[in-house]
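Worksheet: the structure to be examined is printed underneath.
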Amino acid sequence: MQEIAQPNSLRANASPSLGSQIIVNKVSKSYGAEGFAKTVVQNCSFTIERGNLTVMIGPSGCGKSTLIRLLAGFERPTSGTIIIDDKLVTGPGVDRLVVFQETALFPWMSTYDNIMYGPRARGEDTPEMRAFAETLLQKVGLAAFRKKYPSQLSGGMQRRAELARSMINQPNVMILDEPFRGLDAMTKRLMQEYYANLFDEFRRTTFFITTDIDEAIYLADRILIMTNIPTQVRASIEVNLPRPRNAENITESDEANAIKMQALALLHEEAMKSFARGSKAAADFIEAYSRRVNKE
Amino acid sequence: MNWLRTAGTKAALFITGEEFWRGIVAIVAFLIFWEVGSRSASLFGIAFPWVSQVPPPSAVALAMYYLIQDPSFWVSAYLSTLRVFEGFFAAMVVGIPLGLAMAVSRTFYGISFPVFEILRPIPPLAWVPASIIFWPTQELSIAFVTFLGAFFTIVINVIGGAQSIDVRYFQAARSMGSSTWDIFRRIILPAVLPSIVVGATVGVGITWAVVVAAEMISGGGSAGSVGGAAGGGLGFFIWNSYVGGSYTQIVAGMISIGIAGYVSSAALRKVGNLMTPWLAEG
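Laid out in structure tokens, this is it:
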């Protein structure tokens, strides 16, 4: 395995370099005026340990993205607290980074300039950082595309560039909001492998949101299954499959299949509730689930 | 020398292209229609409506041939160009910061936008009399009206461009540790740049339309001091040709304005493309 050029300063202060601990305590979030308010997150509590990759999965429109905005500090909870490393979250911080659903790369910057955005914003355009940017460019397979603008990259490349742009900041917490949504099946698979490798190497506390159960099992240390809106944690499933993982082995693993059946059953229940409320997305899910169960 | 070869290849491709020939055919057909229509009374004994009143392109071409050898025509063209540049430049210098300020500050927007929106629909030409009264010289009056022509378009485009910036860019920048100044410089400015280019390209066209009319109405600005009657700019030149009954010169003057407007817009578009390389295709 090749030596990773990680800036010394970061290595020193981030030791043991696993990132932060997150405690979400009885958090609720409502939108709208008093009396007409719609509660999206209700009394939601969970803890994410240092260096843990927690994948959150739940029916579409269940309030997952709201939870992300709360964790990132873009919005404040209506009640309850979010505590990261003993500090109350009151706004966005450099310690937490969000990778958004669709690309949020800056279109007017080259791949390299996008990756170096964070370090330059903090006045850290040092030789170490530039070397780290090189390493990341290699890791995500974009070394030949450093001078290209985002519009000149494919969908998968854009996602990889965005991962690199986040990772160079060595955040204590990484938050990924359905980062591989909308990619075709092959690209998605490839992206999951890229991401899993990066995670194994630069292990940090990570909060990963998806609607794809296979993706969740392939990546997660732990899966949180969310209820229908107003959302809270329905179940927490530990995924103790050895790392580095291999997508083929997982398909054949009994343990993975057991987790999958358990998770799907829970998700199905939540989708039914959502369906009863008239959600189109839930109807799709139920149909897909029934087909799968009938086949097996 | 490589770029020269590339440019040569591009030009060769362009000339052999279907697009190019379609354009040539259209222009030639238009000129024939015009020439025949203009001479319809003597050719067919029936005067075609409208087009028979216009001097034929051959006569206009002849007039233009003499015109481009006349220094006073170039003084006119120079004066109009200068006024366009002054007004346009002032509109950029005032309009871009104003638009950005209105987009960035909610308070400033609340104060300035209503006034701006009341003034915006007033046609620049309606400002001509007031402008002549307000400004000490004719020259300044014309430049001011020209300024107004581009100003509102530029401001509206800057505001629109800044307001449509994806909120995730700000969230991403902030969570990576950007200061407010850094966000302004590295996010807002480049994000608004394409809208500025659009505003400027449209604005310069309006500026040409306005300067010519302003010159006609105000009697040619510094006409008395520079080069006699022809010193008043292209607008005054056309008006003067009308008064003197030289219809070929009217059309020749119109065509020179069309060419000047086209060149200005094309130059701005070129500069704009160079400034926004990320919008290029491929």
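Going line by line, the protein sequences match chains A and B. My numbering applies: residue 1 is where the first sequence begins, and numbers increase by one. My numbering applies: residue 1001 is where the second sequence begins, and numbers increase by one. Virtual Cβ for every residue (Gly too), placed ideally from N, Cα, C.
| Asked | Found |
| --- | --- |
| Where leucine 71 of chain A sits in the DSSP three-state scheme | helix |
| Which of helix, strand or coil DSSP assigns to threonine 187 of chain A | helix |
| Three-state secondary structure assigned by DSSP to leucine 1268 of chain B | helix |
| Residue-level contact to chain A via CB, alanine 1130 of chain B, 8 Å cutoff | no |
| Proximal residues of chain B, C-beta to C-beta of asparagine 169 of chain A below 8 Å | Met1176, Gly1177 |
| CB contact check: valine 94 of chain A to chain B, cutoff 8 Å | yes |
| Contact list for the region 1146-1172 of chain B against chain A, Cβ threshold 8 Å | Asp1166, Arg1168, Tyr1169, Gln1171, Ala1172 |
| Chain-order list of residues whose beta-carbon lies under 8 Å from that of proline 1277 of chain B (same chain, five-residue window excluded) | none |
| Coarse secondary structure for asparagine 318 of chain A, derived from DSSP in three states | Only positions 1 to 296 of chain A appear in this structure, which leaves residue 318 of chain A out of reach. |
| Within 8 Å, strictly: CB atoms of phenylalanine 207 of chain A and isoleucine 48 of chain A | yes |
| Within chain A, partners of aspartate 1182 of chain B - CB distance below 8 Å | Ala121 |
| Interface flag, isoleucine 1196 of chain B vs chain A, CB-CB below 8 Å | no |
| Short-range partners of chain B found in the region 97-117 of chain A, where Cβ spacing is below 7 Å | Leu97, Val98, Phe100, Ala104, Phe106, Pro107, Trp108, Tyr117 |
| Neighbouring residues, chain A, relative to isoleucine 1187 of chain B (Cβ below 8 Å) | Phe106 |
| Three-way DSSP call (helix, strand, coil) for valine 1226 of chain B in this model | Legend: pLDDT at valine 1226 of chain B = 44, less than 50; position of this residue unreliable, value from coordinates given subsequently. Coil, per DSSP. |
| Nearest to serine 1265 of chain B (by Cα), restricted to the options B:Thr1207, B:Gly1232, B:Phe1184 | B:Thr1207 |
| Helix, strand or coil at serine 79 of chain A [DSSP, three-state] | strand |
| Spatial distance of alanine 216 of chain A from arginine 165 of chain A (CA atoms) | 23 Å |
| Cβ contact (3+ pairs, closer than 8 Å) linking the region 38-58 of chain A and the region 93-107 of chain A | no |
| Against chain B: residues of the region 204-229 of chain A by CB proximity under 9 Å | none |
| For serine 1256 of chain B and leucine 955 of chain B, believed in contact at Cβ under 8 Å, the rounded distance | Because chain B in this structure spans residues 1001 to 1282, residue 955 of chain B falls outside the shown range and cannot be described. |
| C-beta contact flag for valine 1202 of chain B and glycine 1161 of chain B at 8 Å | no |
| Identified DSSP bridge partners for arginine 96 of chain A | A:Val173 |
| Below-8 Å beta-carbon distance, serine 151 of chain A vs any chain B residue | yes |
| Integer-rounded CB distance, given that serine 65 of chain A should sit under 8 Å from asparagine 177 of chain A | In the sequence on display, residue 177 of chain A carries aspartate and not asparagine. With 8 Å as the limit, aspartate 177 of chain A and serine 65 of chain A qualify as a contact, their Cβ atoms being about 6 Å apart. |
| Among B:Leu1140, B:Gln1053, B:Pro1071, B:Val1115, the one whose alpha carbon lies nearest that of glutamate 1086 of chain B | B:Leu1140 |
| Test item: CB-CB of isoleucine 68 of chain A and isoleucine 213 of chain A under 8 Å | no |
| 8 Å Cβ cutoff met for arginine 160 of chain A and leucine 183 of chain A | no |
| Continuous alpha helix (DSSP H) stretch holding isoleucine 259 of chain A: start and end | 254-276 |
| Residues of the region 55-80 of chain A with Cβ closer than 7 Å to any Cβ of chain B, in chain order | Ala72, Phe74 |
| Element boundaries [beta strand (DSSP E), containing threonine 1180 of chain B] | First-last for threonine 1180 of chain B: 1180-1183, but that is the alpha helix (DSSP H), not the beta strand (DSSP E). |
| Beta-ladder partner(s) of tyrosine 31 of chain A, from DSSP | A:Lys38 |
| Proximity of arginine 1174 of chain B and phenylalanine 100 of chain A at Cβ, strictly below 8 Å | no |
| 8 Å Cβ shell around threonine 90 of chain A - same chain, five flanking residues per side excluded | Gly73, Arg76 |
| Inside the region 1075-1125 of chain B only - alpha helix (DSSP H) runs reaching at least 4 residues | 1106-1119 |
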